Amino acid sequence: QKEVEQDPGPLSVPEGAIVSLNCTYSNSAFQYFMWYRQYSRKGPELLMYTYSSGNKEDGRFTAQVDKSSKYISLFIRDSQPSDSATYLCAMEDSSASKIIFGSGTRLSIRP
Amino acid sequence: DAGVTQSPTHLIKTRGQQVTLRCSPISGHKSVSWYQQVLGQGPQFIFQYYEKEERGRGNFPDRFSARQFPNYSSELNVNALLLGDSALYLCASSPQAGAVNGYTFGSGTRLTVV
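As they're listed, the protein sequences go chains U and X. For the first sequence, the residue numbers in the working numbering are 337 to 447. For the second sequence, the residue numbers in the working numbering are 11 to 124.
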């Protein structure tokens with residue numbers, strides 16, 4: 337079983353729709369949770385990070401963490417074609433000085 | 011300000027050869043991490059260096075090695091290349107080790123082994 341599971345998609349939605357991206361994880365010791373966006377031929381770009389359980393909002397993006405269910409989500413409101421990218425969830429394993437990534441969900445926003 | 015710079019951007023090597031990839035962190039960042047991203051998968055951790063010392067190592071064979079220089083730049087070396095080493099190699103820098111909100115990735119080096 338992978339430490340972090342993420343549906344690879346692809347996911348295609350019309351412009352303006354609300355997008356929901358999700359990950360599950362198995363290690364209850366994870367404390368920092370992140371979402372990265374990766375455009376083709378580019379490195380990942382940090383979108384949001386949260387510490388422990390709860391919600392965090394930044395513009396059109398909302399990150400949720402439910403540690404009791406080991407489940408994290410990213411919501412994108414009023415999605416734009418420029419949001420088309422691969423979205424990677426990630427968690428910090430501080431005991432090993434590393435970030436563990438999900439496999440990424442490829443998202444396409446149709447104009 | 012320049013971001014994380016990696017060189018070369020692309021290269022093609024033959025099985026059995028050796029390769030060296032280079033990374034320059036953001037000015038003022040003292041930690042560099044290396045990740046391997048195979049097509050269709052998320053990045054996998056290889057190494058982290060902080061203040062020129064190895065702070066973490068992923069589940070990669072001894073053919074993979076790295077070092078960090080006094081100016082905090084870093085090199086990743088891979089010996090005896092295999093076809094399976096074909097991937098995007100990413101470097102990330104941060105002000106200090108464990109600064110998850112400060113990880114900045116470069117655009118990567120795409121390595122193809124033939």
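C-beta atoms are modelled at their ideal positions from N, C-alpha and C, and glycine is treated no differently. Since the structure is predicted, the reported quantities are computational estimates derived from the model, not experimental observations.
Fill in: Nearest residue (CA-CA) to K23/X, options L100/X, F115/X, A90/X, Q106/X
The count along the second sequence starts at 1 and reaches residue 23/X at position 13. The shortest Cα separation from K23/X among L100/X, F115/X, A90/X, Q106/X belongs to A90/X.
Practice prompt. Entirely within the segment 378-405 of chain U and at least 4 residues each: give me those alpha helix (DSSP H) ranges in chain order.
Written response: none
Worksheet entry | Reference L410/U, options A365/U, I445/U, T441/U, closest by Cα | Within the first sequence, the letter at position 74 stands for residue 410/U. Comparing Cα-Cα distances from L410/U to each of A365/U, I445/U, T441/U, the minimum goes to T441/U.
Worksheet entry | Span of the beta strand (DSSP E), counted from its first residue to its last, around F369/U | By 1-based counting over the first sequence, the position of residue 369/U is 33. First-last of the beta strand (DSSP E) with F369/U: 368-374.
Worksheet item: Which chain X residues sit within Cβ distance under 9 Å of I435/U?
Response: Within the first sequence, numbered from 1, the residue matching residue 435/U stands at position 99. Correct list: S43, Y45, P53, F55, A102, V110, Y113.
Fill in: Three-way DSSP call (helix, strand, coil) for S431/U in this model
As a working mapping, residue 431/U is identified with position 95 in the first sequence. Three-state result, S431/U: helix.
Discussion item. Counting only beta-carbon separations shorter than 9 Å, does P417/U have a partner in chain A?
Written reply: Included in the structure are the protein chains U and X, with no chain A among them.
Worksheet item: Residue range of the beta strand (DSSP E) that H20/X falls in?
Response: Along the second sequence, read from residue 1 onward, the residue named residue 20/X stands at position 10. H20/X -> beta strand (DSSP E) spans 20-23.
Discussion item. Taking the beta strand (DSSP E) that F55/X belongs to, which residues open and close that run?
Written reply: By one-based count along the second sequence, residue 55/X stands at place 45. First-last of the beta strand (DSSP E) with F55/X: 54-60.
Discussion item. Counting only C-beta atoms, is A107/X closer than 9 Å to chain U at any point?
Written reply: For this step, residue 107/X is matched to residue 97 along the second sequence. Yes, A107/X lies at the interface with chain U (some Cβ there is under 9 Å from its Cβ).
Worksheet item: Using a Cβ-Cβ cut-off of 7 Å (strictly less than) and excluding sequence neighbours within five positions of G352/U, which residues of its own chain qualify?
Response: As a first step, residue 352/U is located in the first sequence; it is residue number 16 there, counting from the start. Cβ neighbours of G352/U beyond the five flanking positions: D414, S415.
Worksheet item: Is the distance from the Cβ of M384/U to the Cβ of K378/U below 9 Å?
Response: Within the first sequence, numbered from 1, the residue matching residue 384/U stands at position 48. Within the first sequence, numbered from 1, the residue matching residue 378/U stands at position 42. For M384/U and K378/U, no; Cβs fall outside 9 Å.
Fill in: Within-9 Å CB hit, K378/U to chain X
Locating residue 378/U in the first sequence gives position 42, counting from the first residue. With 9 Å as the cut-off, K378/U counts as an interface residue toward chain X.
Worksheet entry | Option in L443/U, Q374/U, L347/U, D419/U with minimal Cα separation from A426/U | Taking the first sequence and counting its residues from 1, the one referred to as residue 426/U is at position 90. Of the candidates L443/U, Q374/U, L347/U, D419/U, the one whose C-alpha sits nearest the C-alpha of A426/U is Q374/U.
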